[in-house]
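These notes concern the structure reproduced below.
There are 2 protein chains.
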Amino acid sequence: MRQSKYFLKTSKTFSEEDKIVSAKLLKQAGFIQESVAGRYYFLPAGQRVQQKIIFLVKEEMDKIGAQEMVAPILHPLELWKETNRTSTTGFELMKVKDRRDSEFALGGTAEEMFVDLVRKYQLSYKDLPFQLYQFSPKFRDELRARGGLLRVREFIMKDGYSFHRDEEDFKKTYEDMKRVYTTIFERLDLKTTIVESDNGYIGGEYCHEFVVEAESGETKYFATKDGSYAAHEDVAKFKKFSEHKHEEEKPRQDVEGVGIIGVEELAKFLGIAVEVTTKTILFETENPSQVVAAAVNGLYDINESKLKNILRCNELKLARPEVVKKVTGAEVGYAGILNLPKEVIVIMDDSLKGRKNFECGANKTNYHSININFGRDLPEPEKFYDIALAKEGYTAPDGKHKLVEKKGIEVGNIFQLGYHYTTLMKGAVYRDEDGSEKPYYMGCYGIGIGRTMATLVEKFNDEKGIVWPESVAPFKVHLISLKGAEKEAEKLYETLLKHKIEVLYDDRETSAGSKFADSDLIGIPYRLVVSAKTLERESVELKLRNESEVKLIKLDEIVKKLE
Amino acid sequence: MRQSKYFLKTSKTFSEEDKIVSAKLLKQAGFIQESVAGRYYFLPAGQRVQQKIIFLVKEEMDKIGAQEMVAPILHPLELWKETNRTSTTGFELMKVKDRRDSEFALGGTAEEMFVDLVRKYQLSYKDLPFQLYQFSPKFRDELRARGGLLRVREFIMKDGYSFHRDEEDFKKTYEDMKRVYTTIFERLDLKTTIVESDNGYIGGEYCHEFVVEAESGETKYFATKDGSYAAHEDVAKFKKFSEHKHEEEKPRQDVEGVGIIGVEELAKFLGIAVEVTTKTILFETENPSQVVAAAVNGLYDINESKLKNILRCNELKLARPEVVKKVTGAEVGYAGILNLPKEVIVIMDDSLKGRKNFECGANKTNYHSININFGRDLPEPEKFYDIALAKEGYTAPDGKHKLVEKKGIEVGNIFQLGYHYTTLMKGAVYRDEDGSEKPYYMGCYGIGIGRTMATLVEKFNDEKGIVWPESVAPFKVHLISLKGAEKEAEKLYETLLKHKIEVLYDDRETSAGSKFADSDLIGIPYRLVVSAKTLERESVELKLRNESEVKLIKLDEIVKKLE
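First to last, the sequence lines map onto chains A and B.
Position one of the first sequence corresponds to residue 1 (this note's numbering), numbered consecutively onward.
Position one of the second sequence corresponds to residue 564 (this note's numbering), numbered consecutively onward.
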């Protein structure tokens, strides 16, 4: 491609708003242009990169027999009503009506569409498993878009849906997909961590994000140094304190402690260890009559995501003071798990289990109960849960390594859908060997193409610009012609084209300095410079974008060198 | 691909609603599936065909230096307001609001988006010309969708936009694009006619549709047998009657003729030739105060599209009886071009020119004026127009050939936009050699990908199913294994894959008959059958889908044969 005619307009300046390096560089280098916030044009060079990523993803997906197709972008809203997703999605759904008053959702993800497709056919167990996927525009009505392609309102997503006979069969595909995704990101030169994540109301252990560690990322997760454990902050587990003293039950006491609320201060005041204190927090959910008391060992805090999943609720907010007063009889700050009204749902963290003579709020303003014991002062619950929040420095579940807090960009995710959609959507069944109809067991697999592109720039850049990995570079070679070498440069350009080497040819009438600066900004892996000086030695100058060394290569050897 | 695991589910039955052969076959053969009317899934085999068409189009576009990119699907509605297209588009625009109350159009075409992109850059005449194009989903809120992919509500369109210094430069690209499109459709084995068409309010002579002749098509056009002329019914010209008698002016007369309205009947009644009668029709436009009188020689009818373009109006409807009465003073049926009130716009067809002693309505109920003459009875208009409707059998503009009425499918179109968008949209300018800012001169080029796919099926099918041309067939080879030959078939499948021959491998446990029927329905060009019988002769049976002959080919020669 001749740069003089290429719609690749670099810019020396950038907007102060672009604090994220990938946003800044992709715009400056002419790969993307903003339409309105969160909606981007992929300019010719940007589109080349996007398509290379797509092609690479497709290649790996096809290798395991996944089948590319494409569903309509407008989804009949009735389908989303079948699964109650018109109001419960994490992302805001955009809706549109046509002139016949039919309502549609602008596809955010496409579970309903693929289930609706598959249920139109009478399939049998012999047809299973299969995986269908698409590269298609997705819409998210984000309240705030972030700079560049990291969080946008419109983007290409590779979304895949697998259909299985049962969970066991699904598990095989799930493990395959872990490998496929790892390979895809490896081929893109991206080091990903497979991070356990939140499967929301669907639950189950099969839910992972592929995360590239990066300061600009929005995903907070915890990992051990050796990589044996990695989990999203929403679900991260840790080894909890369990060296409880085996002491005799002491008589319960209600101690007055006016205005003492924090556990540290309280433990000091009461002369007890922090680990025998209890944090009890009251919440309300979207169900107006529901009040929840969540309790953890005073050493820890509550993880609201974990709590939400246990409650299968969509919203969780701290109970209003009047509600706290109504159910505990006390002001905020003195709630405990003792004598709560029956209608309050009590969820206790397993860090409460096995303790003797522990403390908890007395449900009486200014009072704290000590020497509380399960069995005597309150019944031991049938079940303890994990609702504690992991933090940097805590011990990993293996009991050995420490958790390190990390930030990263989620470039892909894989998760089980199980029977969730196929039971909510009538008729999503196959005929099993015994003739009975059974719902499909499903899995789901996504990759954000634009976000992957931004991540590549986040990882591969220097002070001069982008440093594309060869796998997805818009061109392999950037050929620069300097004054006095135009004729030889033209010849070399033709030669490279003839050998099907992807080349951007800077044939512009501009200074050498500005050509070099643009070349560094654009970030094509191999830079070739032809000048009067190199021609004196019948050579061309070769420089790799990610190296500083410059080599002279004989003109008649360059094609071989590049191939 | 193994057919046993492929999401390609053929069907023996079809819906009675599918009267269009491509709709019927694409569904039956498992290439597409309807979501809701006019919105289709492209199933894996269908998506393969779609992508092959896209790739072929891309190849030819890139050859002439056009640059692929992609614009957002949601277009800020302000842009469409700049060009007054929110209400004036021929197709119904779908609109959507986001949660911040920003309004968007779901892209129907993307002129505004590309102009808005280009005006964000300071370009100079040196950057010109260039052409940007995309393959992107388009939305049309059609009142009625037709069966299958011929007229849908959501589809992939290749839309390209070229930017030029002036009309002269545009013309070169226009001619290039004519050649490129011709090549594209030739490579697809589609014979297209380049049909002059309606450029609407933009006007100008550069507007052509690429039409494939087909009974199922919605495009009506006229062409001469020798192909020297082809034009859409909306714009088709013809050689009009001009052998007017050179006679003396006779005295004007108003003749009573109660209830005589048709020109044939009238001519007979008045004892004159039909060619001296006049048809005057009154119209109203979207402008509530506007009344138009359109007049043609009684030999012809009025072409409302031509009339609309002259008036630059969007709507045209027959004037209501009370309006007719008000402006002519007569009941409907007696309107003429005599003594009309000044506010009536009179548009006369050039078939009125040069006549002597002609007839026209008297603007008096039951009366017809004869022996009317320009100059004496009414002023000769400054300008005559062409507003006559072409019909089968009329003489082409060359005066030699007869017009034949044809029906076809519009698969592509090319047209000049001129300065239309770049003057309505502020700042869409480049800096010319003399330093002045000038608006870009533009052209626009579209291909409907899904419609092209349907057209291929319309043209290439037989009673058994689809007959894909090799250029876009989903696979090159359909390998069918019959009982007792499974092992050899597997081996052959692996061999074909190794040689990168695209093969669909029917490894299903089903009858030979049903495999053959499916193979014919799906329409892959080369069918290979391996059976116990062919193996006796160490051979495989080769049959081309578009031939009836069956050949035995030695197993070790088949790869060479197929390559």
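Backbone N, C-alpha and C define an ideal beta-carbon position, used for all residues, glycine too.
All values reported here derive from a predicted model rather than from experimental measurement.
Asked: S868 of chain B: first and last residue of the uninterrupted alpha helix (DSSP H) it sits in; Found: 867 to 874
Asked: Rounded straight-line distance, which links the Cα of D732 of chain B to that of Y1004 of chain B; Found: 9 Å
Asked: Chain A contact for M1016 of chain B (CB, 8 Å cutoff); Found: no
Asked: Closest residue to L26 of chain A among A:D520, A:L552, A:V529, A:R527 (Cα-Cα distance); Found: A:D520
Asked: Contacts that M657 of chain B makes with chain A (C-beta to C-beta distance below 7 Å); Found: V96, D98
Asked: DSSP beta-bridge partners of L528 of chain A; Found: A:L479, A:L542
Asked: Own chain partners of I449 of chain A with C-beta closer than 8 Å, once the 5 adjacent residues on each side are dropped; Found: Q50, I53, I54, V57, F135, F155, I156, M157, K158
Asked: Listed by chain order, chain A residues near K568 of chain B by CB distance under 7 Å; Found: G65, F130
Asked: CA-to-CA distance, K138 of chain A to T109 of chain A, given in whole angstroms; Found: 7 Å
Asked: Minimum Cβ-Cβ distance from A634 of chain B to chain A less than 8 Å; Found: yes
Asked: is_contact[L637 of chain B, chain A] using C-beta, thresh 8 Å; Found: yes
Asked: Contact between the segment 63 to 70 of chain A and the segment 626 to 636 of chain B (3+ Cβ pairs under 8 Å); Found: no
Asked: Short CB-CB distance (under 8 Å) between E1033 of chain B and chain A; Found: no
Asked: Cβ-based contacts, 7 Å cut-off: residues of the segment 574 to 598 of chain B near chain A; Found: Q596, S598
Asked: Anticipated Cβ contact below 8 Å, A388 of chain A with V296 of chain A, distance rounded; Found: 5 Å
Asked: Contact set for G763 of chain B: own chain, Cβ-Cβ below 7 Å, skip 5 residues either direction; Found: N872
Asked: Alpha-carbon to alpha-carbon, E867 of chain B and V909 of chain B; Found: 14 Å
Asked: Limits of the unbroken alpha helix (DSSP H) element including Q3 of chain A; Found: Unbroken run through Q3 of chain A: none, as it is neither H nor E.
Asked: Inside the segment 408 to 473 of chain A only - alpha helix (DSSP H) runs reaching at least 4 residues; Found: 420 to 424, 449 to 459
Asked: Closer than 8 Å at the beta carbon, the chain B residues around F269 of chain A; Found: Near F269 of chain A there are no residues of chain B at all, since even the closest Cβ is about 48 Å away, more than 8 Å.
Asked: Proximal chain A residues relative to F733 of chain B, where beta-carbon distance stays under 9 Å; Found: Within 9 Å Cβ-Cβ: nothing; F733 of chain B doesn't reach chain A, min ~16 Å.
Asked: Beta-bridge pairing of E781 of chain B - partner residues as DSSP gives them; Found: In the DSSP output, where bridge partners are listed per residue, E781 of chain B has none listed.
Asked: Chain A within 8 Å of Y688 of chain B, Cβ atoms only; Found: no
Asked: Beta carbon proximity, E68 of chain A to chain B, threshold 8 Å; Found: yes
Asked: Whole-number beta carbon distance between Y174 of chain A and L132 of chain A, since they are thought to touch under 8 Å; Found: In fact, because the Cβ distance is near 16 Å, the residues do not count as touching under 8 Å.
Asked: Proximity of F801 of chain B and F773 of chain B at Cβ, strictly below 8 Å; Found: no
Asked: Per-residue burial, F832 of chain B [other beta carbons within 10 Å of its own, 16 or more giving buried]; Found: exposed
Asked: Beta-carbon contacts of S1034 of chain B that lie in its chain and below 8 Å, excluding the five residues immediately before and after; Found: K615, L619, R750, L751, D752
Asked: Start-to-end residues for the alpha helix (DSSP H) that takes in E796 of chain B; Found: Unbroken run through E796 of chain B: none, as it is neither H nor E.
Asked: Limits of the unbroken alpha helix (DSSP H) element including G46 of chain A; Found: 44 to 63
Asked: Contact set between D704 of chain B and chain A, taken where Cβ atoms lie within less than 8 Å; Found: D98, R99
Asked: Selection from B:V821, B:G861, B:S779, B:E849 that minimises the alpha carbon distance to F804 of chain B; Found: B:G861
Asked: is_contact[L479 of chain A, chain B] using C-beta, thresh 8 Å; Found: no
Asked: Within 8 Å, strictly: CB atoms of V818 of chain B and Y897 of chain B; Found: no
Asked: Where E968 of chain B sits in the DSSP three-state scheme; Found: strand
Asked: C-beta atoms of T985 of chain B and P960 of chain B nearer than 8 Å; Found: no
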